[in-house]
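Plus 963 on top of the position in the sequence shown (first one is 1) and you've got the numbering used here. Note sheet for the following structure.
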Amino acid sequence: MTADEHYRTGNEYRRKGDFQQALCHYMEAIDLDPESPAVHAKEMLENILNFYCKDMYNP
């Protein structure tokens, strides 16, 4: 898969509410292309998760 395909797949998972899979695809996209829009998408998703799901990162 290309970085763009990983980014789009991550967006699809995010829309479905599967944030873990979305993050995985965003990270793959970033690994393939550090300038990918997945960088911004990943940051936004992490901010949302940090705000709403504090226990997800801090068990």
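All C-beta atoms, glycine included, are put in the ideal place defined by N, C-alpha and C.
Which residues mark the beginning and the end of the alpha helix (DSSP H) in which residue i is found?
i	result
Met-990	982 to 995
Thr-972	966 to 979
Glu-1009	1001 to 1015
For residue i, I'd like the list of residues in its chain whose CB is within less than 6 Å of its CB, leaving aside the five on either flank, ordered along the chain.
i	result
Ala-966	Ala-992, Leu-995, Asp-996, Ser-999
Counting only the same chain and skipping the five closest in sequence on each side, list residues whose C-beta sits under 8 Å from that of residue i.
i	result
Arg-977	Ala-985, Ala-1004, Leu-1008
Who are the near neighbours of residue i in its chain, counting only those whose CB is closer than 7 Å to its CB and skipping five residues on each side?
i	result
Phe-982	Leu-1008, Leu-1012
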